[in-house]
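Chains as they are written, first to last, in the working numbering: chain B, 1015 to 1530; chain C, 256 to 542. We put the CB at the ideal spot given by N, CA and C, even for glycine.
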Amino acid sequence: MVMALRRLCRYARPRPPLPLAAIQSPRPSPESAPPPLSGLSSLLPLSPLLRADRTLASSSLYSLFEGSYTATRNRCLTTQAWVDAPTGEVVEVPLAQTGEGIAECELLKWFVKEGEEVEEFQPLCEVQSDKATIEITSRYKGKILQILFVPGDIVKVGETLLKIIAEDAQSPLTSECHEDATSLNSDLCESDSQRSSRKGEDFKGVLSTPFVRHLAKQYGLNINDIQGTGIDGRVLKEDVLNYAASKGIQEERPSLSQVNVGEPGLLKEGKAFHMHMLDEKCYEDTTIPLRGFQRSMVKSMTMSAKVPHFHYLEEINCDALIELKAAFQNENTAPNVKHTFLPFFIKSLSMALSKYPLLNSSFNEATTEVILKGCHNIGVAMATTYGLVVPNIKKVQSLSILEITKELSRLQQMASNNKLSSEDITGGTITISNIGAIGGKFGSPLLNLPEVAIIAIGRIQKLPRFDDDEIVYPASVANVTIGADHRVVDGATVARFCNEWKLLVEKPELLLLHMR
Amino acid sequence: MILHRVRDGLPLMNLVSLRAVPILQQLHLEERLLRSSSDNWCIINDGTNRPNIVMGISGRPSELIDLKSVLRDRVPVIRRFSGGGTVIVDDGTIFVTFICNKDAIPGLQPYPHPLMSWTGQLYKDVLHGFGDFHLQENEIFLYYMYASLTVLDTYFTDYAIGSRKFGGNAQSITKNRWVHHTSFLWDYDIKNMEYLKIPSRAPKYRSARPHVEFLCRMTEYVPSRSTFIERTIASLGNHFSVKPIHQDRVIDPSNTLHSSSKLLTRQELEEAYSSLCEKLHIAAISV
């Protein structure tokens, strides 16, 4: 019977909140007070951590606890070193605070240096954008890891200015959390001892691990309010999360390293948490504020969508074009130039526009006037890492295909380095999108206002077609979609224009006929 | 900020009216008020005592001024604490500066563009009826892919009547405060303009015009200086509760704390000139 009791005692012994071996070995002796035999729960009063009003063998238990408390304390001190190590993630701070419409700034001076600790809202540097000098302040509390520009450099909006090890990249709450983390462990030790020494006082604290307490603090919750579902009413991580959810608190992302910090000894449990954290990170939403080209795309597409568009599809046979390109390549007049299809499409488009100038026009809604543009400034849509840009080639009607090829190459180079000038991107009169270079057969492109037409060229595919002798042969065909402003242009005009263009592409020798 | 509200609910603004105060002293005052005061201020300086060239914080003398004539005629050159371009100021210039807390004007974001809009609207009210006042756009710093949007969303930097500029602006924005200062061309001496080079980075509307064709004199549009100044103060009264402060309470030439605006020494100018000459000489040889 006593043996059974002993065994029960062992099982009933509560797991300590801290990794302690000390508390395990000196067991409370059950013989000194006959424990009621009505089940496990009744053995709980033996737990030194729960009952403050123990009379039986209290002195021995107390001293036992004292001993274990000391061990805990020591343990607290060692974990403190862990907590002091940099715990935050490295954050790249971009130049972003200078307001809309400004593309770049000159860095004037730094107020901080590498290795320095900074507070939230502390000024980091001063930049100049045209007429204004502006102080950039820090969004994070942390330590400067690396400074990427020197005074005098021109920084583009969006470029990373410096890197900070943010103590917690999330919210101001957490800076307070970090300070408390070091004292969390010692708090727990103290409150436990206080609990046991206080007699008849209300039990104030709840059982939980330092990590869970930290988590509760991050959510701004009082851990005492949370109902624990763990052993001995212990508050677990799930309890905190559920409570937070019930309170409708937005979930924040605790950094991975904090998990390690809070669980130095309970490695197994810690690891489980660690994996859980990783998983959670994969499923979280990411917010991307739109800036620069992406932002202007929002505006321009919104405007464009208000215009009544219609779309016209046509198929163009590119066999002759392919032969022509091969011929250009073989002749090798300009060795550094790579010949592609696009310049040819552009030149033939310009020739067709000469016959149908309405498609190279601009509509003024206010005055209900159509302005037939004199220059064929053909815009070419380019997908860059910075977003969609449409630089244009000026006066295509007076350029040769070789000149168009070179200018196109120059614009592509500038676009990919985000070095297009405003001259390059303004003044366009019609736009071509070679979306086929990436993929796709059909499109319904939106107009690039105030232009009235836009052309999307799909991928050139090899498809079976009939030749003049009604024999099937493999033809290279590209689908083109022409989008047009139906307030200005009607279907018949677009159809005729497209026929003209198609003819020039399919029979390039006709270009010679019209060449100036 | 509640401390600054008076009974009619408008924030308080201290007004300092100066006359012919040296521009360097004015700049020191402004910077000191920006960095060490928590009140809102308006400084009006009706003309400055002698011609000075004032460059922005990162101005390079060799690019902006005609060093040869500046050295010959000993024109003082100052580098101020705010950004922006180069001006030559004299007794025909009227200076108006606003120094405010970030939240002084409800809804106004402390960024260059909004500040420019707000001040532009203020001066539009001031000059209502005297001329076709508007804000002139600067396209250089815009990166928009669609041409039409440059009309919708331009960045205004100058005050103009017709297509001629009569006021130049500069700003400095700190963590909690901002300063927006303007030098108005009440009148100017054409000879003085020759000390300045035509900037290589200029707004499109300038179209390489020489200073004469690009600028205009306010005196041709507004009856008197005091009309302009009084109307400015009145217009301010729509946003602030304006309280005049005597200049003796604020001007403190001995206080050089927070004074990053500085007068360039003759030596610095000479060095700039000689290195410029070297560059030109070398360039000439290599050609």
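Can you give me the Cβ contacts of residue i inside the same chain, cut-off strictly under 6 Å, excluding the 5 residues immediately before and after it?
| i | result |
| --- | --- |
| B:L1121 | V1141, F1163, P1165, D1167, V1169 |
| B:M1428 | L1434 |
| B:P1137 | F1125, E1149, T1151 |
| C:E526 | none |
| C:Q281 | N300 |
| C:G423 | V342, S438 |
| B:K1157 | E1131, I1179 |
| B:V1394 | I1446 |
| C:T474 | W441, D442 |
Output needed for residue i: all residues of its chain with C-beta closer than 7 Å, excluding positions within five of it in sequence on either side, in chain order.
| i | result |
| --- | --- |
| B:F1456 | L1327, G1472, N1493, T1495 |
| B:G1450 | I1471, G1472, R1473, I1474, A1492 |
| B:P1531 | Residue 1531 of chain B cannot be examined here, being either before or after the span of chain B that is shown, 1015 to 1530. |
| B:F1533 | An answer regarding residue 1533 of chain B cannot be provided, because it is not within the stretch 1015 to 1530 covered by chain B. |
| C:E285 | I298, T352, I354, V434, H436 |
| B:T1174 | E1106, V1107, P1108, L1162 |
| B:A1334 | E1520, K1521, P1522 |
| B:Q1160 | E1128, L1176, K1177 |
| B:T1507 | Y1370, L1372 |
| C:Y450 | I308, I320, D321, S324, V325, V330, I343 |
| B:K1387 | N1374, S1375, S1376, T1443 |
| C:Y378 | F388, Y414 |
| B:A1509 | Y1326 |
| C:L289 | I354, S427, T429, R432, V434 |
| B:L1304 | V1312 |
Taking buried to mean at least 16 other C-beta atoms within 10 Å of its own C-beta, is residue i buried or exposed?
| i | result |
| --- | --- |
| B:C1296 | exposed |
| B:V1254 | buried |
| B:I1240 | buried |
| B:V1486 | exposed |
| B:E1045 | With a pLDDT of only 45 at B:E1045, under 50, the local geometry of the prediction cannot be trusted, and no value is derived from it. |
| C:D301 | buried |
| C:R287 | buried |
| B:P1049 | For B:P1049, the pLDDT reaches just 43, beneath the cut-off of 50, and the residue's location in the model is therefore unreliable, although a value from the coordinates is still provided. The residue is buried, with at least 16 neighbouring Cβ atoms inside 10 Å. |
| C:T352 | buried |
| B:S1458 | exposed |
| C:R315 | exposed |
| B:A1259 | exposed |
| B:K1231 | buried |
| B:C1512 | buried |
| B:F1355 | buried |
| C:V309 | buried |
| C:P306 | buried |
| C:K283 | Sequence inspection shows His at residue 283 of chain C; the Lys mentioned does not correspond to that position. Buried, because 16 or more other Cβ atoms sit within 10 Å of the Cβ of C:H283. |
| C:G384 | exposed |
Residues in its own chain within less than 8 Å of residue i by CB, not counting five upstream and five downstream?
| i | result |
| --- | --- |
| C:P369 | L363 |
| B:Q1426 | M1396 |
| C:T303 | A275, V276, P277, I278, Q281, V344, D345, D346, T348, F350 |
Kindly give me the distance between the Cβ atoms of residue i and residue j, rounded to whole angstroms, as I take these residues to be in contact under 8 Å.
| i | j | result |
| --- | --- | --- |
| C:Y528 | C:K323 | 7 Å |
| B:L1527 | B:V1321 | That belief does not hold up - the Cβ atoms of B:L1527 and B:V1321 are roughly 35 Å apart, past 8 Å. |
| C:I333 | C:K446 | Incorrect: roughly 19 Å between the Cβ atoms, too far for contact. |
| B:K1516 | B:I1330 | 5 Å |
| C:V271 | C:V505 | 6 Å |
| B:S1314 | B:V1502 | Not quite, the Cβ-Cβ distance comes to about 18 Å (not below 8 Å), so this is no contact. |
| C:I312 | C:R335 | 7 Å |
| B:V1466 | B:D1499 | 4 Å |
| C:L440 | C:M268 | Contact flag wrong, Cβ pair sits at about 25 Å. |
| B:Q1411 | B:S1362 | Actually they do not touch by this definition, with Cβ atoms about 12 Å apart. |
| B:S1430 | B:T1398 | 5 Å |
| B:I1469 | B:I1446 | 5 Å |
Problem - Interface positions of the segment 1140-1155 of chain B facing chain C (Cβ-Cβ less than 7 Å), listed along the chain - result: Taking 7 Å as the cut-off between beta carbons, the residues of the segment 1140-1155 of chain B near chain C are Q1142, S1143, D1144, K1145, A1146, T1147, I1148, E1149, T1151, in sequence order.
Handout entry: Chain-ordered residues of the segment 325-349 of chain C with a beta carbon less than 9 Å from chain B
Key = Of all residues in the segment 325-349 of chain C, the ones placed with a Cβ closer than 9 Å to any Cβ belonging to chain B are F336, S337, G338, G339, G340, in chain order.
Exercise for the section: Pull out every residue of the segment 1152-1179 of chain B whose Cβ sits closer than 8 Å to any Cβ of chain C, in chain order. Expected result: Residues passing the 8 Å Cβ filter: G1166.
Problem - Whole runs of the alpha helix (DSSP H) within the segment 1406-1489 of chain B, excluding any shorter than 4 residues - result: Counting whole runs of 4 or more residues, the segment 1406-1489 of chain B contains the alpha helix (DSSP H) stretches 1415-1430, 1436-1439.
Exercise for the section: Mind checking the segment 1123-1142 of chain B against chain C and listing, in chain order, the residues whose C-beta falls within less than 8 Å of any C-beta there? Expected result: Going along the segment 1123-1142 of chain B in chain order, one finds F1135, P1137, Q1142 with a Cβ nearer than 8 Å to chain C.
Practice task
Return the residues of the segment 362-373 of chain C that lie within a Cβ-Cβ distance of less than 9 Å from chain B, sorted by chain order.
Solution key: Within the segment 362-373 of chain C, contact with chain B at the beta-carbon level (separation under 9 Å) is assigned to Q364, P365, Y366, P367, H368, P369, L370, M371.
Practice task
Give, in chain order, every residue of the segment 429-441 of chain C whose Cβ lies closer than 7 Å to some Cβ of chain B.
Solution key: Considering only beta carbons, the part of the segment 429-441 of chain C lying closer than 7 Å to chain B consists of T429, K430, in chain order.
Exercise for the section: Return the residues of the segment 305-316 of chain C that lie within a Cβ-Cβ distance of less than 8 Å from chain B, sorted by chain order. Expected result: Answer set for the segment 305-316 of chain C: G311, I312, S313.
Exercise for the section: List in chain order: all unbroken alpha helix (DSSP H) runs of 4+ residues lying wholly within the segment 1293-1339 of chain B. Expected result: Listed in chain order, the complete alpha helix (DSSP H) runs (minimum 4 residues) inside the segment 1293-1339 of chain B are 1306-1318.
Practice task
Can you give me, in chain order, the residues of the segment 271-282 of chain C that have a beta carbon less than 8 Å from any beta carbon in chain B?
Solution key: Residues passing the 8 Å Cβ filter: none.
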